[in-house]
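I have placed the structure first, in the form of structure tokens, so that the comments after it can refer back to it.
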Amino acid sequence: MNAPKYLLIFFICIFLSATGDAQYSRFIVEFTDKNNSSYSLSNPSQYLSARAIARRTRYNISIDSIDLPVNDSYIQQVAAAGAVTFLSESKWLNQILILCNDSATINTIRNLSFVKKTSPVAPFRANNNNGVDKFKETVTSLSLTQKIHGEKDLSYGYSYSQIHIHEGEYLHNKGYTGSGMLIAMLDAGFNSYRTINAYDSARANGQFLGEKDFVAFDNSVNEDDTHGEYCLSTIAANVPGTMIGTAPKASFWLLRSENAPTEYPIEEHNWVAAAEFADSAGADLITSSLGYNQFDDPQFNHDYNDFYKNTTTVSQGATFAAKKGMIVTNSAGNEGDNSWKYIIFPADDDSVCSVGAVDTAGVIAFFSSYGYPGKVKPNVASVGLNTIIFGVFGAGSGSGTSFSNPNLNGLITCLWQAFPAYNNMTILNAVYQSADRFNNPDNRYGFGIPNMKTAYRILKKKQNIELYGTDWLFVTPDTFTNKIDIKLIGQVDGNATLNLLNDAGNIVASIKLITEVEEVYDTSFLNLGGLAPGNYSLQYVDSINNRIVPLFKTGQELNDWLEVFPVPFNMQLTAFLTAPETGNAVIRLIDARGRVIQTQELNVTEGSVYTIDFTNPSALAKGIYFVLYRGVKQHKTVKVLKQ
80 MNAPKYLLIF FICIFLSATG DAQYSRFIVE FTDKNNSSYS LSNPSQYLSA
130 RAIARRTRYN ISIDSIDLPV NDSYIQQVAA AGAVTFLSES KWLNQILILC
180 NDSATINTIR NLSFVKKTSP VAPFRANNNN GVDKFKETVT SLSLTQKIHG
230 EKDLSYGYSY SQIHIHEGEY LHNKGYTGSG MLIAMLDAGF NSYRTINAYD
280 SARANGQFLG EKDFVAFDNS VNEDDTHGEY CLSTIAANVP GTMIGTAPKA
330 SFWLLRSENA PTEYPIEEHN WVAAAEFADS AGADLITSSL GYNQFDDPQF
380 NHDYNDFYKN TTTVSQGATF AAKKGMIVTN SAGNEGDNSW KYIIFPADDD
430 SVCSVGAVDT AGVIAFFSSY GYPGKVKPNV ASVGLNTIIF GVFGAGSGSG
480 TSFSNPNLNG LITCLWQAFP AYNNMTILNA VYQSADRFNN PDNRYGFGIP
530 NMKTAYRILK KKQNIELYGT DWLFVTPDTF TNKIDIKLIG QVDGNATLNL
580 LNDAGNIVAS IKLITEVEEV YDTSFLNLGG LAPGNYSLQY VDSINNRIVP
630 LFKTGQELND WLEVFPVPFN MQLTAFLTAP ETGNAVIRLI DARGRVIQTQ
680 ELNVTEGSVY TIDFTNPSAL AKGIYFVLYR GVKQHKTVKV LKQ
């Protein structure tokens, strides 16, 4: 009796679906699986560059089915369903973007057995957003009447303040300016970047590795929107005395994923497709001054319930990008003074470093988006109010989190250059810990304004502990004849003194050093053969510390009775002992923390030669080790390095 009613509802649904499809020409087609793929996990060079594979190897990231491209046969069957044009794919989300103006064809595709879902994402004719600037950034040219303070080694000019707020010059002055690092920039276009003089040196040095357009598919971004070029300038500009970017020696892929005049979900797919390309090209970092919350068609709008659930397309893509080992930084958004108020997607993602905006005095910008309750967001802040940028007009200023984000991304790039062995999350955690509100974060600044000097020292300390243990002063040998080697980890920024004291406490030799906290220094006392045998000590003194290490000077030339090869070692380590005495002796291999790795007891005869092979040295972690001889009367220590 109720069958006609249900049939009516069914046909109404079909009609509404067809009507909705008719308004749109671009669709996402999601697939159920990657079965029978023509690609193999055992041959990743089919779909990943050598640099991308090296990143996975370096950080122990497995190559899995997520890395496999979308099934070619599925794409071909979708294309054969009717008037369909394949545009792009997302292997991470196992979906493709197609152009199709026929509702019947879309229904045919929807009914294919391997199709999970089809979704409209962009109309046949966009409304061009009524001319509204969705980026909400402001840009003003500068009158370059004089250069400001802070020229420093790189002659920063006007950009000094936005670098100095993070003590970014500390990294630059150590030689970390982005060389060897690859940044993928996702944006709406990089208008005139090929001719703007701020990038003359980058072009000459081959730092622009390529460009790719995921909107128009013409593989050219030079004639598109200016927004990305302004963002690029905060990192890559190199005009001494006027403006230096935060990573002027980095390399770049310039990727257009955003269609500036409109706002539709297609751009979230484009973002993911661009991020996948960045991954496959071997990018180390992604900087994205893009974000999504509301669209030209309100039916697609995100709402607050989407925060922190990893359900939006762009946030899912950002999650995968981080899982593949890249650092992703994203502008927090310019929503702080309007009705939305909060961060935009994918800035909500756990693994994304979302960047708010402050001025050069560290005061939060009125427009910088608030973090939504539940997490520390934004994560950090950088200069986004009156940021120095560069365009066809020369140097100018711009305001928006679009500029605070790349400004910080470049410095994070330089930090990672200094510590390439650490993975993306380790680097970001050091950045967060270095920020001025780390112990008291809020929903405007997040953890606050990062300090690159502090972040560098956090990572350097971690590295030092891994290599040398918790000690910071190493003196070898403890029984010396002609030479004493000293390795120390800087405890202060300033002067330090090493004194060799005799048994009466008199200084017989001295070395003056200027140290930095956590930097490693190697030095030696030489030509000590003329000193009388007996007890000595090595004294270390700085403005805080005073430390004594006991030593003994022997009257015999015993330099070569214990030798260790090879130095540095990797797969093999052997000690050659010419016994200096008769009796029981012990040979030990210990690490920098003093932990015993291997012990061999010997009954030696003076003058006899013994060979001691240490077991499985290849399994040892990189760092400093010591081979110790302890006999009846003689002691000796030899320092070795595992690399």
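Taking the numbering used here, the leading residue of the sequence shown gets 80, the next gets one more, and so forth.
Ideal Cβ positions, reconstructed from N, Cα and C, are used throughout, including at glycine.
Keep in mind it's a predicted model, so treat the numbers as computed, not measured.
Would you identify the three-state DSSP class for residue i, choosing helix, strand or coil?
| i | result |
| --- | --- |
| GLU302 | coil |
| PRO319 | coil |
| VAL393 | helix |
| PRO425 | coil |
| ASN530 | coil |
| GLU109 | strand |
| GLN677 | strand |
| LYS712 | coil |
| PHE399 | helix |
| THR341 | coil |
| PRO148 | coil |
| TYR371 | strand |
| PRO647 | coil |
| PRO199 | strand |
| GLY236 | strand |
| TYR449 | strand |
| ALA131 | helix |
| SER433 | strand |
| SER697 | helix |
Which first and last residues belong to the beta strand (DSSP E) in which residue i is found?
| i | result |
| --- | --- |
| THR408 | 406-410 |
| GLY662 | 662-670 |
| PHE482 | Element bounds for PHE482: not the beta strand (DSSP E) but the alpha helix (DSSP H), 480-497. |
| ARG523 | Taken as a continuous stretch (DSSP letters only), ARG523 belongs to no beta strand (DSSP E), as it is neither H nor E. |
| SER513 | It is not in any beta strand (DSSP E) - SER513 instead sits in the alpha helix (DSSP H) that spans 503-513. |
| THR549 | Careful: THR549 lies outside any beta strand (DSSP E) and carries neither H nor E. |
| GLU642 | 641-644 |
| ARG709 | 702-709 |
| ARG626 | 625-632 |
| GLU740 | This structure cannot speak to residue 740, because the chain is shown only from 80 to 722. |
| GLU290 | 287-292 |
| GLN174 | 174-178 |
| ILE468 | 466-470 |
| THR690 | 688-692 |
| TYR118 | No beta strand (DSSP E) contains TYR118, which DSSP labels as neither H nor E. |
For residue i, which option in the options has the closest C-alpha, if you only look at C-alpha atoms?
| i | options | result |
| --- | --- | --- |
| LYS456 | PRO485, ASN519, TYR501 | ASN519 |
| ASP564 | THR533, ASP601, ALA159, ILE140 | ASP601 |
| ALA283 | GLU308, LYS328, GLY257 | LYS328 |
| VAL149 | THR164, PHE193, ASP297 | PHE193 |
| ASN252 | LEU265, TYR235, LEU261 | TYR235 |
| GLY475 | SER481, ASN465, THR633, GLN395 | ASN465 |
| PHE399 | HIS381, ASP429, GLY370 | ASP429 |
| PHE269 | SER121, ARG536, SER299, PHE165 | SER299 |
| ASP363 | PRO377, LEU630, CYS493 | CYS493 |
| SER513 | LEU592, ARG523, ILE491 | ILE491 |
| GLY463 | GLY470, ASN486, PHE472 | ASN486 |
| ASN614 | ASP358, PHE356, ARG134, GLY584 | GLY584 |
Could you tell me whether any Cβ in chain B is nearer than 8 Å to the Cβ of residue i?
| i | result |
| --- | --- |
| LYS701 | Among the chains of the structure shown, chain B does not appear; only one protein chain is present. |
Provide the residue span of the alpha helix (DSSP H) that contains residue i, from first to last.
| i | result |
| --- | --- |
| ILE154 | 151-158 |
| GLU346 | 345-360 |
| SER280 | 279-283 |
| THR184 | 182-189 |
Rounded to whole angstroms, what's the CA-CA distance from residue i to residue j? Just pull it up for me.
| i | j | result |
| --- | --- | --- |
| ARG105 | THR366 | 26 Å |
| ILE676 | ALA654 | 14 Å |
| GLY412 | PRO340 | 18 Å |
| VAL218 | TYR103 | 34 Å |
| LEU720 | ASP557 | 18 Å |
| THR392 | ASN624 | 55 Å |
| TRP495 | ASN508 | 12 Å |
| LYS161 | SER169 | Here the sequence assigns Gly to residue 161, which means Lys is not the residue at that position. GLY161 and SER169: Cα-Cα distance of roughly 22 Å. |
| THR657 | THR690 | 9 Å |
| ASP521 | ALA460 | 11 Å |
| THR224 | LYS215 | Annotation note: pLDDT 44 at THR224 (below 50); position unreliable, no value reported. |
| SER603 | GLY573 | 20 Å |
| TYR237 | LEU334 | 28 Å |
| TYR153 | ALA500 | 39 Å |
My assumption, with CB atoms under 8 Å, is that residue i sits in contact with residue j. Please give the rounded CB distance.
| i | j | result |
| --- | --- | --- |
| ASN372 | PHE287 | Rounded, the Cβ-Cβ distance is 31 Å, inconsistent with contact. |
| ILE468 | TYR272 | Actually they do not touch by this definition, with Cβ atoms about 13 Å apart. |
| ALA315 | TYR255 | No, ALA315 and TYR255 are not in contact; Cβ-Cβ is about 15 Å, not under 8 Å. |
| PHE386 | TYR451 | 5 Å |
| TYR437 | ALA444 | Inspection of the sequence shows that residue 437 is occupied by Val rather than by Tyr. Yes, VAL437 and ALA444 are in contact; Cβ-Cβ is about 6 Å, under 8 Å. |
Would you say residue i touches the ligand ZN, meaning its beta carbon is less than 7 Å from a heavy atom?
| i | result |
| --- | --- |
| SER336 | Within the structure as shown, the ligand ZN is missing, as the structure has no ligands at all. |
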